[in-house]
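This report refers to the structure that appears directly beneath it.
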Amino acid sequence: MSTADARAVPGRWPHSRAARGAVYAALVVLGALTGAAGTLVQGGWFPLGLLLALAAAVGLFRGGGILCRTKGGTVAPAAGWVAAVLLMMPARPEGDILFSAGISSYVYLLGGMLAAVMLTTLALSSPPVPGHNNR
């Protein structure tokens, strides 16, 4: 086994801490963008906008977990999503609001948070480790 293989943690991608931190930061930004876009779409195109916004959030959360093979890969975009959605909730001084008092806003908020929790608790299978054969 080479020294590069010894340093690499099997089952996690990327292997270096700096690269993994960059991936997590990119996932947080993508989560924030998805949350902001979903906030605008879910109320404007009801009911298809709501389904599209929730599908985008679920896809990003699951995709981050699969990409990194860690629960942090799911938590990073979920944290960005929650931060963006919570920052867009309060009414502005001009009286503008982004969330209406309808059912679609509540379904979007609770559905997105429930999806984040459910996908974070999913067990991720680790990829096969090269060089280990079960004979």
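Last residue of the sequence shown? That's 412 in this note's numbering, and every number before it is there in order. Heads up, the beta-carbon is just placed ideally off N, CA and C, and yes, glycines get one too. Just so it is clear, the structure is predicted and the values come from calculations on it, not from any experiment.
Rounded to whole angstroms, the gap between the alpha carbons of T351 and L396 is 7 Å.
When rounded, the separation of the alpha-carbon atoms in A356 and P370 is 26 Å. With contacts defined by Cβ atoms closer than 8 Å, V305 and P354 form a contacting pair. Straight across, the Cα-Cα distance linking G342 with F376 is about 29 Å.
Annotated as distal: V362 and L329, with beta-carbon spacing of 8 Å or more.
For T316 and A360, the gap between their C-alpha atoms comes out near 12 Å. In this structure, DSSP gives P324 a state outside helix and strand, which the three-state scheme calls coil.
Taking 8 Å as the cut-off, the Cβ atoms of M366 and A313 do not count as close.
Between F338 and S381, the C-beta spacing is not below 8 Å.
Judged by DSSP secondary structure, L396 falls within the alpha helix (DSSP H) whose first and last residues are 380 to 398. In this structure, the beta-carbon distance from G320 to W358 does not fall below 8 Å. Here the C-alpha atom of L325 lies approximately 25 Å from the C-alpha atom of A368.
T311 sits close to A334, with the two beta carbons spaced by under 8 Å.
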